[in-house]
Amino acid sequence: MGTAAAVTALAAPSIVRAQGEPIRLGALNPLTGAGGSYGPTMRKAIEGVVDRVNAAGGINGRKVELAGEDTQTNPDAAVRAARKLIDVDKVSAIMGTWASACTTAVAPLCWESKVFLTTVSGSDTITKLPHQGYLVRTQPNTHLQIGRLGEFLLELGSKKVFVLAAQTPFALPSQERLGEVLKAGGSELIGGVIYDKDKTTFRSEIDQALKANPDMIYLNGYTPDVTIVMRELYKAGYEGGKIGQAYAVNKKLLESLPADVTEGCYTVAPSPSVNSAAYKRLAEFLGKPDLDPYSCQCNDQASLVCLAIAKAGDASGTAIKDAVRKISQGPGEKVDDVVDGLKLLAAGKDINYEGASGACDFDDIGDILTTNFRYEQVQKGAFKTLKVG
Amino acid sequence: MENYIVAMLVFAGLYGLMALGLNVVWGMAGMINLGLVGFFAFGAYVSALLTKVLGLPIWFGVVAGAAGAAAAGMVVAMVTAKLRGDYLAIVTLGFSEVIRITASNEIWLTNGTDGISGIPGPLRGQVTPEAFNLIFLALVAVVVAIVVFLLQRVRHAPYGRVLRAIRDDDQVAAVAGKTVIRFKVEAFALGCAVIGLSGALYGHYTSYIAPDGFVPLITIYIVLALTAGGTGNNYGAVVGSVLVVFFMESTRFLTEVVPGLQAVQVAALREMLIGGALIVIMRLRPGGLLPERLPRIDLPESNLPQEKKAT
Amino acid sequence: MLTEVVQLVLNGLMAGTILAVPAIGFTAIYAVLRFPNFSVASQVTIGAFAGYVANVTFGLPAPVAVAFAFLVAGFSGLVCDEFVLRPMRPAGPLAAAIAAVALTIVLENVVRFWFGNDLRGYDLPVLRDWRFAGLRVSPQQLENGVIAIIAMACLFGFLAFSRMGKAMRAVADNPMLASIKGIDSVAVGRLVSFVGMGLAGLGGMLLGLDTSIDPLTGFRAILTVFAAAVVGGLGSIPGAVVGALTIGVAEELSLLVLDPAYRSAVGFVAILLVLTLRPRGILGERAF
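Sequence lines, in order, name chains P, E and S. The opening residue of the first sequence carries number 1 in the UniProt record's numbering; numbering runs sequentially from there. The opening residue of the second sequence carries number 1 in the UniProt record's numbering; numbering runs sequentially from there. The opening residue of the third sequence carries number 1 in the UniProt record's numbering; numbering runs sequentially from there.
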C-alpha cells in the first residue's frame with residue numbers, strides 16, 4: 001500500500017505531491033435498525049462538513065476522505081463496522097455513534113487503537129469508561145439534561161409530573177434525577193412507567209399514567225414510540241401538558257401526526273439558538289427548517305475533528321485528542337463554521353468553535369459543559385421557540 | 001487490513017462455535033432451536049459476571065458460562081420435550097426474547113440496557129491490540145478444533161447414531177428401546193453448552209455485552225450459516241460461519257463502489273445482498289456446501305466382500 | 001378494579017383483532033404448504049407501505065387503501081413464493097422456512113431502499129375515544145376491528161362456499177387425497193400464498209393506521225403474530241383468531257401484576273402454558 005502511494009505521488013504533478021496523503025475519517029451511524037430514523041441525516045450532516053472542507057482546499061492542503069459504515073443499531077454489528085473503519089480505512093476518528101450500547105461496544109476498540117471517538121449517546125456511564133481522553137460527546141449527559149428539563153417544568157408550574165419512558169439505559173436514571181429536581185422545587189414526580197418500545201399499542205400504559213392524574217407527562221422515548229404514545233394520549237382525552245426531548249419530538253413526528261395531537265407539547269434541546277449562523281447554514285444544507293439535535297451534533301463533531309487536526313498539524317487520533325479542547329473552548333476568536341475556523345487557524349489565530357448544537361465545550365472526561373438549552377413548544381404543527389437559556 | 005481480517009476470523013470462529021452447537025441440537029438430534037442467541041447471552045452473562053464482579057479467573061468464567069448455558073438448555077428441553085418441531089421453534093425463539101428482556105430489566109444483576117463493560121480478556125492491555133487479536137484468534141481456533149474433534153467423536157460413536165435415529169424417526173428409536181426424551185435433553189444441553197461457550201468467549205473478546213447485542217438477527221445468521229455450510233456436518237458448520245461473516249464483510253466493499261446512492265440506500269443494499277447470497281446458496285446447494293455424509297459403518301468383511309475392494 | 005380489568009380486556013381484544021389478520025395469513029399458508037413462512041414479517045411492512053402510497057400519495061380513503069394493501073402484499077407474496085420459496089420446498093419444510101427468513105431480510109431492505117427509514121403516518125384524523133361506564137374505546141380501533149372482522153368473514157365465506165376455498169381446505173386436510181381427487185395443488189398453493197400474504201399486508205396497514213410505519217413495522221409485530229398462530233394451533237384458521245385474542249388479552253392483563261417492560265415475555269409464557277396443556281394449540285391443527 002505504501003509503495004503504491006509512493007508511486008502515485010511520484011507520478012503526480014508536484015503541486016499534488018505537496019498536498020500529502022489524504023486525511024481519513026470515519027462516520028459510524030445507525031442506518032438500519034431502531035436508530036434508522038436518525039442515522040441518515042446524521043450521516044448527511046457529516047458528509048456536508050467534509051465536502052465543504054474539501055471544497056475550501058482541505059485541511060492544511062490535505063484532502064479529507066470519509067469512510068462510512070452502519071451500526072445496524074446493534075453492538076455486534078457496530079464492533080465489526082468499527083474494526084473495518086479502524087483497520088482497513090485507517091481512520092483517525094469515528095464520528096456519530098448513537099445508542100449507548102453501540103457506543104460502549106465501539107469505545108474500547110477506539111481507545112486501544114488510539115482513534116478518536118465522538119458520540120451523541122447521552123447515558124451517564126459512557127464518559128466514565130476508561131477512555132483516556134479518546135472520547136467526547138456532544139449530547140449532554142442525563143444528569144444535566146434532565147436537570148434542565150426539571151427546572152423548566154418547575155418554571156411552567158407543573159405540580160404533578162408523570163414519566164412514560166421507553167426501556168433504555170437512561171430511563172431509570174432520568175426518572176430518579178427528575179424526581180430529585182422536582183422535589184427540590186416543591187413539585188412532585190407522581191409516578192412512571194417504563195414500557196417495551198417495540199410494542200404497537202400502549203393504551204394500558206397510558207391508563208396507568210392517567211389514573212395518577214398528572215398535570216404534565218414527560219415522554220422519555222424515541223420518535224417511533226413517542227409518536228404512538230402521543231396519539232394515544234390525545235385519544236384518551238388527556239388535556240394536561242406534555243414534554244419530550246427534541247430528538248424524539250422532532251419535525252418527522254410532527255409530519256406524521258395531525259396538528260391537534262401534538263399541540264402544546266414542549267421540547268427541550270441543547271442548542272445555542274435557532275438564530276445562530278451555524279444552525280441556519282446546516283438547515284439550508286439539509287433542506288429543512290427544523291433540525292433534530294443529532295444532526296446538529298454530527299455537524300459539530302465533524303467540524304471539531306477537522307479543526308483539531310488543523311490545529312495540531314497532525315491527523316492522528318492522539319493529536320485530535322490533544323488538540324480538540326484547544327479549538328472548542330477558551331479565549332480564542334469565536335467561529336461557528338469549519339471553513340472560517342480553518343482560515344483563522346491557517347492565519348495562526350486561536351479559535352473557539354461554537355456550532356449548531358451548542359458551545360461544544362468539554363470537561364476532562366469528555367462530557368459537554370453546561371450549555372444553553374432551547375425550549376420550544378409545538379403550536380399548530382410547528383415549533384415555536386419559547387426561550388433559550 | 002491484517003488486523004481486520006484477524007478480528008473477522010475471531011467473529012467467524014465464535015459464530016462457528018454457535019453453529020456447531022446448533023448442529024448438535026438440530027443437525028444431529030433433529031430439534032429446532034431458534035433460541036440460540038438466548039443461550040449465547042446466558043453464557044456471556046454468566047462468564048462476564050463471574051470474572052468482572054467476583055473477580056474469578058477467565059477460564060473459570062468460560063467453563064461456568066458453558067455449564068450455565070447447558071443447564072438452561074436442559075431446563076428448556078425438559079419443558080418443551082413433548083413439543084413437535086414447529087412449536088419448539090417458536091418456544092425457543094420466545095425463550096431468547098425472555099432472556100433479552102430479563103437482561104434489560106433486572107438492572108441489579110445485569111446492569112440493564114447499559115450492559116456490562118470492561119470484561120477482562122486474556123492479556124488484554126498487557127499486549128498491543130494487534131497482539132491481543134492474534135492471541136484470541138489462536139485461542140478461538142484451538143477451541144473450535146477441540147469442539148469439532150469432540151463432536152466428531154460423538155457423531156461417530158454409537159451415541160451419535162442414536163441421535164440420528166431419533167432425528168430420522170423417534171418412534172422407531174423408541175421401539176428400539178432408546179429413551180428418546182433423555183437423549184433429546186442431553187443433546188439439547190450439549191449443544192447449548194457449546195453455544196454458551198461461544199457467548200462467554202465473545203464477552204471476553206469484545207469486553208462488552210448488552211441486551212441489544214442479543215437480538216434474534218444473530219440467531220438468523222447462525223441458522224443461515226449452518227444451512228449454507230451443511231446441516232449435520234460439523235465442518236459445514238464452521239465453513240458456513242466463515243461464509244456468513246465473509247458475506248457480511250465483503251458486501252461493505254461491494255456497496256462502496258455503487259455510485260449515486262445515499263448512505264441509507266447503501267446500508268439497505270448491503271443487507272439485501274447478504275440475504276440474497278444466502279438464498280442463492282440454498283437454491284444451488286440445498287444440502288449446503290458440505291452436505292452431511294453419514295459415517296461409514298464397518299460391516300464384517302465376510303458378509304460384504306465387495307466392500308473391501310471399494311476401500 | 002373491575003372497570004380496570006374490563007378496560008384491559010377490551011384493550012386486549014382490540015389489539016388481538018388486528019393481530020389476528022396477519023396470524024390468519026401465516027397459519028393459512030402453514031395449513032396448505034406445511035412450512036412456517038417467516039416472510040410474513042416483510043409482507044406486513046409491504047402492505048403497510050402500499051396502503052400508505054394509496055392513502056397519502058394518491059389520496060384514496062383508508063378503506064380503499066386497505067384493499068390496495070391486500071392486493072400489493074398478496075401479489076408480492078405470490079411472486080416471492082413462486083420464484084424463491086417454491087423451488088426450496090422439495091428440500092424440506094425447514095429449508096423453505098429458512099429461505100423465508102433470508103427473504104425477509106431482503107424485502108425489508110427493498111422497502112428501506114425506496115422509502116428510507118423515516119416514520120410515516122397515514123392521512124387520517126385522530127379521533128377522541130368514546131367513553132361509557134368508565135371505559136374508553138377508540139373509534140379508529142373499532143373501525144380497524146370492523147375491517148379486520150370483515151376480512152376474516154370474507155375469508156371464512158370463501159373457504160366455506162367457493163370451489164377454490166373448498167379445494168384449499170381439502171389440500172390442507174389431506175394433500176394425498178386431494179391430489180387423487182384431481183385438485184391442482186400448485187394452483188391452490190399459489191392462491192394461499194396470495195391470500196395469506198394479502199392478509200398479512202392488510203394487517204400491516206391496520207397496525208399502521210393506529211401507529212406510524214417504517215421498514216421495521218412488520219418485524220416489531222411478528223413475534224406476537226407467530227405466538228398467536230402457535231397458541232391457537234398452527235394451521236388452524238379459527239385457531240389463529242382465538243390465539244391472537246388470547247395473546248392480546250394475556251399481555252394486557254399481565255400489567256396488573258407485571259412491569260410493562262415484561263409485556264413481550266408474557267406472550268411466550270402464554271405459549272408455553274397453552275402448549276404444555278395442549279401440545280397442538282388451543283384448537284388443534286385442523287384447518288377450518
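C-beta atoms are modelled at their ideal positions from N, C-alpha and C, and glycine is treated no differently.
Inset, instruction - Say whether chain P places a C-beta atom closer than 7 Å to the C-beta of residue 293 of chain E. - result: no
Legend entry - residue 242 of chain P, enclosing beta strand (DSSP E) - first and last residue: 241 to 245
Inset, instruction - Run down chain P in chain order and give the residues with a C-beta less than 8 Å from the C-beta of residue 264 of chain S. - result: 196, 198, 199
Legend entry - Residues in the segment 78 to 107 of chain S having any Cβ partner in chain E nearer than 9 Å: 84, 87, 88, 90, 91, 92, 93, 94, 95, 97, 98, 99, 101, 102, 103, 104, 105, 106, 107
Inset, instruction - Could you tell me whether the Cβ atoms of residue 173 of chain E and residue 180 of chain E are closer together than 7 Å? - result: yes
Inset, instruction - Take the Cβ of residue 21 of chain P as the centre, count every other Cβ of all protein chains shown within 10 Å, and call the residue buried at 16 or more, exposed below. - result: exposed
Legend entry - Assigned secondary structure, residue 18 of chain P (DSSP; H/G/I helix, E/B strand, else coil): Reliability fails at residue 18 of chain P, whose pLDDT of 42 lies under 50, so the model's placement of it is uncertain and the value that follows must be treated cautiously. Looking at residue 18 of chain P - three-state DSSP - the assignment turns out to be helix.
Legend entry - Chain-ordered neighbours of residue 256 of chain P on chain S, where CB pairs are closer than 8 Å: 119, 120, 121, 212
Legend entry - Nearest residue (CA-CA) to residue 235 of chain S, options S/211, S/284, S/212: Residue S/284 holds the alpha-carbon nearest to the alpha-carbon of residue 235 of chain S among S/211, S/284, S/212.
Inset, instruction - Could you check what DSSP says for residue 111 of chain P in three-state terms: helix, strand or coil? - result: helix
Legend entry - Backbone secondary structure at residue 259 of chain E - three-state DSSP: coil
Inset, instruction - Residues of the segment 95 to 107 of chain E with a CB closer than 8 Å to any CB of chain S: list them in chain order, please. - result: 95, 97, 98, 101, 102, 104, 105
Legend entry - N- and C-terminal bounds of the alpha helix (DSSP H) containing residue 225 of chain P: Segment 223 to 235, the alpha helix (DSSP H) holding residue 225 of chain P.
Inset, instruction - Output the distance between the C-alpha atoms of residue 107 of chain S and residue 246 of chain E, rounded to the nearest integer angstrom. - result: 21 Å
Inset, instruction - Measuring alpha carbon to alpha carbon, tell me which of E/228, E/217, E/151 ends up nearest residue 190 of chain E. - result: E/151
Legend entry - Chain-order list of residues whose beta-carbon lies under 6 Å from that of residue 178 of chain P (same chain, five-residue window excluded): Cβ within range, chain order: 146, 150, 189.
Inset, instruction - Drop a sphere of 10 angstroms on the beta-carbon of residue 132 of chain S, count the other beta-carbons inside from all chains shown, and report buried for 16 or more, exposed for fewer. - result: That one is exposed.
Legend entry - Proximal chain E residues relative to residue 242 of chain S, where beta-carbon distance stays under 8 Å: Going along chain E, no residue has its Cβ under 8 Å from residue 242 of chain S, so there is no contact; the nearest lies around 16 Å.
Inset, instruction - Taking only the alpha-carbon atoms, compute the straight-line gap between residue 47 of chain E and residue 135 of chain P and give it to the nearest angstrom. - result: Rounded to the nearest angstrom, the two C-alpha atoms are 28 Å apart.
Inset, instruction - Establish whether the CB of residue 138 of chain S and some CB of chain P are separated by less than 7 Å. - result: Judged by the 7 Å Cβ criterion, residue 138 of chain S is in contact with chain P.
Inset, instruction - Would you be able to state if there are at least three C-beta pairs under 8 Å between the segment 205 to 215 of chain E and the segment 36 to 53 of chain E? - result: yes
Inset, instruction - Step through the CB atoms of chain E and report whether any lies within less than 7 Å of the CB of residue 24 of chain P. - result: no
Legend entry - chain C contact for residue 266 of chain P (CB, 7 Å cutoff): Absence of chain C from the displayed structure is noted, the protein chains being P, E and S.
Inset, instruction - Kindly indicate if chain E contains any beta-carbon less than 7 Å away from that of residue 84 of chain P. - result: yes
Inset, instruction - Using the Cα positions of residue 16 of chain E and residue 241 of chain E, report the straight-line distance between them to the nearest angstrom. - result: 5 Å
Inset, instruction - State the Cα-Cα distance for the pair residue 251 of chain S and residue 123 of chain E, rounded to the nearest angstrom. - result: Near 47 Å, if we compare the C-alpha coordinates of residue 123 of chain E and residue 251 of chain S.
Inset, instruction - With a 10 Å radius around its C-beta and 16 neighbouring C-beta atoms as the bar for buried, classify residue 6 of chain S as buried or exposed. - result: exposed
Legend entry - Inside the segment 325 to 363 of chain P only - alpha helix (DSSP H) runs reaching at least 4 residues: 338 to 346
Inset, instruction - Just mark residue 109 of chain S as buried or exposed, buried being the case when its beta carbon has 16 or more other beta carbons within 10 Å. - result: buried
Legend entry - Members of the segment 231 to 251 of chain P near chain S, C-beta cut-off 9 Å: Residues of the segment 231 to 251 of chain P with a Cβ closer than 9 Å to any Cβ of chain S, in chain order: 231, 232, 234, 235, 236, 237.
Legend entry - Local conformation of residue 147 of chain S per DSSP, three classes: Residue 147 of chain S falls in the helix class under three-state DSSP.
Legend entry - Bounding residues of the alpha helix (DSSP H) (the contiguous stretch that carries residue 201 of chain P): Here residue 201 of chain P belongs to no alpha helix (DSSP H), and DSSP marks it neither H nor E.
Legend entry - residue 180 of chain S, DSSP secondary structure in three states: Of the three classes helix, strand and coil, the one that applies to residue 180 of chain S here is helix, per DSSP.
Legend entry - Burial state of residue 203 of chain E, where buried means 16 or more other Cβ atoms lie within 10 Å: buried
Legend entry - Where the segment 245 to 271 of chain S meets chain E: residues whose CB sits under 8 Å from a CB there: Here the close residues are 259, 261, 262, 264, 265, 267, 268, 269, 271.
Inset, instruction - Please confirm if residue 212 of chain P has its CB atom under 7 Å from at least one CB of chain E. - result: Not closer than 7 Å to any Cβ of chain E, the Cβ of residue 212 of chain P fails to qualify, so no.
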